[in-house]
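To keep things clear, I will list the structure first and then write my remarks on it.
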Amino acid sequence: MPELPYARKRLAGYALPEEEGGWDLLPELGATVMPITREQAERGLERVPFEGVALAPDDTPTTQDEWESLGERVFWLMPMRRDVYLEWVVMRPELWDEIGLEVDEQGALRGVVRFEDTRGDVRIGATCAMCHGADGVSGRASREIDLGRARVLFAELRDRDPGPYGQWGPGRVDVTDDEAVDALAIPDLFGVKHQSHMNTSGAIEILNPATLAVRFETQYIVGHSLEARPDRRLTWALAAFVMGLEEPEPVVARSEGTRGEDVFMGSCAGCHDPARGYSGGLFPAEALTSEPQAANSVLRGTGFYKAPSLVGISQGGPYLHDASAATLEELLEKGHPTGSVLAPEQRAKLLDYLQTL
Amino acid sequence: MKMTSIRKLKTIGVIAAMSVALTGCIVPGNGGESEPWGTVEPGNNSTANNQQSNNQQSNNNTSSNNHTSSNNQSTNNASANNTSNTSTNNNSSSNTTTVEPSERTVLRGTYIAGHLGSYWDCPGEGYTGEEAMMSDGAQGDSLIEGDCAEDSCGFLNCQDAQMTVLLSNDGQLVAEEIAVAKIRLLDLDDRELGVLPLIGVHDADKDEIFDGTLAVGQQIRLRVDFLGPENLQKLKDDAAGDEDSGISNDGDRLARSGALIEITFVSKNADDEIVVSKEIYDLPAVDT
């Protein structure tokens, strides 16, 4: 059994031998979902009949394309968790902009759906896309969503201490229940297929797509108060989709001999391997000049950070695990141990190269 | 639209269950609803012996107001049946026949999942170990319809504890009048931290109240809702007393933040079946 509390909390009850029971035996929640529009919310969701559509297909996919297609639907529509504070916000469309919730072209909330839970109650749940589907792009982290602000508003309403949530800020969440305040930037999901670890601190080693599927399944079970598990086909499809996420087009097209490539290959490629989507393994947290607290979290901390993929880095910041660098220039000047020791001319060349990733 | 009527459902269920558990019959004024799992008078068991005095005391204290104490609620059925044929609560005569060993079946329970609830938004509603009366608990975790005018009306960021169990009848007879007799909260060293009040038992697949019967070979997933600890760490500290808990920092505390739940099922015609959880925890506030 893992010693890391974060992992132990999930794996102590997961995939046990049949005679020991565990989460595999939970009732399967039929993922029947319904999008939420601003018009509905303004009218009052309690007045809008629930007419959910099942996510699970009648026929199990048989090809990679079919799996990924199903996974894309799951990414946008399957509720991975439900939270009371979020339900409260969603039912108040006047707060949506303040919280950074997005609305798509059809007027529906991105990444938030209604669904029926195991008790037969209609709830509101967040999908992957709420945090990782900014601007309608699968995998793009939201820089605007401010779940800490939502929690503060909810706490104040109840005349409760809002705690540290106000310190999160847009695009950052603290996903550990320890006492440390260490909100992390919501990451892009591009390049996951190249990465060896999940979580900023590398708490989960990615061995194959099944790792992601297990991660999503345990995330879902905890997010649904340990009362239900998902249709396993859906989490497998989600894993296939996330593993296959393609990076967006770079800001600047790369060609042979792109300015700065030599700097990158000489100074950066040791950790950000081009053959691995410009990602790498783990390195000691102290190597970064930014806050190492998350790497030392009692729940998820490993003492290390992972070298993240740089795919899509040209699309915009903020950068570093704690979003402490607003721009690439700032990142290289202050936050990154390699960038900060480069000569100004080399740094300028490297910035040009990074625009091509 | 059925928009999260958890609180209402639970309230009805709790009142009905407590009424039956307290008196062995349906209390007038509760709409005549009964919880079948709460009406059984199971056979001899040690749990009953251990809990009888508490149970009776609680009955006296609470039978007039549809509330129950922690011990009473979970043990009433068993204690009422300690004498096999002698009802202490004016129970139905249908439950007063001694069941011979040859007429007994075999229950087998398997832990599935569970949590200890969250009482962040409901201070005073979790189990503290000092309750003389059973609380209704947090009763649901969201969007509770209410008739108040405040903007916050109906939103509670709290949830009662629950444990899902797979219960099987492995014997050759229909198992009858199955009930939850006791829910114990244990620390990771198996030290008892409290006996938690039962709120309800449901068929987890149908979200229907469990009727207390299992056919031969039948399996059922039961969701047992109960009052969780308001402050688990405090209960642990109290139980440890002056002993060295071995916890010296935040890391140690979080690494040992869980507890165990032990649920005792009783039946009219089966031996007690005790199901112990794996290490389980409070519902996380932000953990994903």
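Residue numbers (this note's numbering), protein chains in the order written: chain F, 23 to 379; chain H, 57 to 344. No residue lacks a Cβ here, since even glycine has one placed at the ideal position from N, Cα and C. This structure is a prediction, so every number in the text was calculated from the model and none was measured.
Test: residue i CB closer than 8 angstroms to a CB of chain H
| i | result |
| --- | --- |
| leucine 47(F) | yes |
| glutamine 241(F) | yes |
| valine 203(F) | no |
| valine 75(F) | no |
| arginine 180(F) | yes |
| tyrosine 375(F) | no |
| aspartate 87(F) | no |
| arginine 103(F) | yes |
Proximal chain H residues relative to residue i, where beta-carbon distance stays under 7 angstroms
| i | result |
| --- | --- |
| glutamate 120(F) | Simply none; closest approach about 15 angstroms. |
| lysine 31(F) | Tyr337 |
| valine 197(F) | Val342, Asp343 and Thr344 |
Proximal residues of chain H, C-beta to C-beta of residue i below 9 angstroms
| i | result |
| --- | --- |
| threonine 54(F) | Chain H residues near threonine 54(F): none, gap ~13 angstroms exceeds 9 angstroms. |
| threonine 140(F) | Ala260, Asp261, Asp263 and Arg279 |
Anticipated Cβ contact below 8 angstroms, residue i with residue j, distance rounded
| i | j | result |
| --- | --- | --- |
| leucine 256(F) | valine 112(F) | Wrong, their Cβ atoms sit about 22 angstroms apart, outside the cutoff. |
| threonine 346(H) | glutamate 286(H) | Any question about residue 346(H) goes unanswered here, given that chain H covers just 57 to 344. |
| phenylalanine 266(H) | valine 257(H) | 5 angstroms |
| glycine 155(F) | arginine 132(F) | 6 angstroms |
| proline 49(F) | aspartate 328(H) | Contact doesn't hold; Cβ gap of about 25 angstroms is too wide. |
| leucine 244(H) | leucine 316(H) | 7 angstroms |
| alanine 76(F) | threonine 54(F) | 5 angstroms |
| threonine 349(F) | serine 289(F) | Not a contact, Cβ separation roughly 19 angstroms. |
| leucine 354(F) | leucine 364(F) | 7 angstroms |
| leucine 252(H) | isoleucine 239(H) | 4 angstroms |
| serine 247(F) | leucine 339(H) | 6 angstroms |
| glutamate 166(F) | proline 192(F) | 5 angstroms |
| proline 184(F) | valine 174(F) | 4 angstroms |
| alanine 262(F) | tryptophan 98(F) | About 15 angstroms; that fails the 8 angstroms criterion. |
| arginine 60(F) | glycine 129(F) | 5 angstroms |
| alanine 259(F) | glycine 93(F) | 4 angstroms |
| arginine 254(F) | tyrosine 242(F) | Rounded, the Cβ-Cβ distance is 10 angstroms, inconsistent with contact. |
| arginine 22(F) | alanine 205(F) | With chain F covering 23 to 379 only, the question about residue 22(F) has no answer from this structure. |
Any C-beta of chain F under 8 angstroms from that of residue i
| i | result |
| --- | --- |
| glycine 170(H) | yes |
| leucine 283(H) | no |
| leucine 270(H) | no |
| arginine 279(H) | yes |
| aspartate 245(H) | no |
| tyrosine 175(H) | no |
| proline 84(H) | With a pLDDT of 29 at proline 84(H), under the threshold of 50, the modelled position of this residue cannot be trusted, and the question is left open. |
| valine 162(H) | no |
| valine 236(H) | no |
| tyrosine 167(H) | yes |
| alanine 326(H) | no |
| cysteine 204(H) | Residue confidence for cysteine 204(H) is low, a pLDDT of 34 falling below 50, so the modelled location carries little weight and cannot support an answer. |
Cross-chain neighbours of residue i in chain F, by beta carbon under 9 angstroms
| i | result |
| --- | --- |
| lysine 334(H) | Ala34, Gly35, Leu38, Glu42, Gly43 and Gly44 |
| alanine 315(H) | Per Cβ cutoff of 9 angstroms: no residues; alanine 315(H) is ~12 angstroms from chain F at best. |
Listed by chain order, chain H residues near residue i by CB distance under 8 angstroms
| i | result |
| --- | --- |
| serine 247(F) | His171, Asp197, Gln215, Gln218 and Leu339 |
| threonine 149(F) | Neighbours of threonine 149(F) on chain H: none; closest Cβ ~13 angstroms, over 8 angstroms. |
| valine 244(F) | Pro340, Asp343 and Thr344 |
| threonine 82(F) | Residues of chain H passing the Cβ test: none, with the nearest at roughly 22 angstroms. |
Under 7 angstroms by beta carbon: chain F residues contacting residue i
| i | result |
| --- | --- |
| leucine 222(H) | Gly43 and Leu47 |
Contact with chain C by residue i, beta-carbon distance below 8 angstroms
| i | result |
| --- | --- |
| tyrosine 183(H) | Here the protein chains are F and H, and chain C is not one of them. |
> Touching or not, the stretch 66-86 of chain F and the stretch 231-238 of chain F, by the rule of three or more beta carbon pairs under 8 angstroms?
Replying inline: Verdict: no, contact absent.
> Counting Cβ pairs, one atom from each stretch, are 3 or more of them under 8 angstroms apart for the stretch 163-177 of chain H and the stretch 216-226 of chain H?
Replying inline: Yes, the stretch 163-177 of chain H touches the stretch 216-226 of chain H.
>> Between the stretch 218-233 of chain F and the stretch 117-125 of chain F, can you find at least three pairs of beta-carbon atoms closer than 8 angstroms?
In response: Counting Cβ pairs under 8 angstroms, fewer than three are found: no touch.
> Between the stretch 303-314 of chain F and the stretch 325-334 of chain F, do three or more beta carbon pairs fall short of 8 angstroms?
Replying inline: Between the stretch 303-314 of chain F and the stretch 325-334 of chain F there are three or more inter-stretch CB-CB distances shorter than 8 angstroms, so the stretches are counted as touching.
> In the stretch 277-332 of chain F, which residue ranges form an unbroken alpha helix (DSSP H) of at least 4 residues, counting only runs that do not cross its ends?
Replying inline: Within the stretch 277-332 of chain F, the complete alpha helix (DSSP H) runs of at least 4 residues are 283-289.
> For the stretch 65-127 of chain F, which segments carrying the alpha helix (DSSP H) assignment without a break, of at least 4 residues, lie completely within its bounds, in sequence order?
Replying inline: If we require 4 residues or more, the alpha helix (DSSP H) runs fully inside the stretch 65-127 of chain F come out as 86-99, 106-112 and 118-121.
> Are three or more beta carbon pairs between the stretch 170-177 of chain F and the stretch 145-154 of chain F nearer than 8 angstroms?
Replying inline: Output reads no: the stretch 145-154 of chain F does not touch the stretch 170-177 of chain F.
> Does the pairing of the stretch 273-282 of chain F with the stretch 81-90 of chain F give three or more beta-carbon distances under 8 angstroms?
Replying inline: No, because fewer than three Cβ pairs between the stretch 273-282 of chain F and the stretch 81-90 of chain F fall closer than 8 angstroms, the two stretches do not touch.
> Is it true that the stretch 330-342 of chain F meets the stretch 211-230 of chain F, where meeting means three or more beta-carbon pairs spaced less than 8 angstroms apart?
Replying inline: Judged by Cβ distances under 8 angstroms, the stretch 330-342 of chain F makes contact with the stretch 211-230 of chain F, as three or more pairs qualify.
>> Going residue by residue through the stretch 233-260 of chain H, where are the continuous beta strand (DSSP E) segments of at least 3 residues, counting only ones entirely within it?
In response: You should have 235-242, 248-251 and 254-259.
>> Ignoring anything shorter than 3 residues, give me the beta strand (DSSP E) runs that lie fully in the stretch 273-301 of chain H, in order along the chain.
In response: List check, beta strand (DSSP E) in window: 275-282.
>> Suppose only complete runs of 4+ residues qualify. What are the alpha helix (DSSP H) ranges in the stretch 126-199 of chain F, listed by chain order?
In response: Restricted to the stretch 126-199 of chain F, the alpha helix (DSSP H) segments that are unbroken, complete and at least 4 residues in length are 150-154 and 169-179, listed in chain order.
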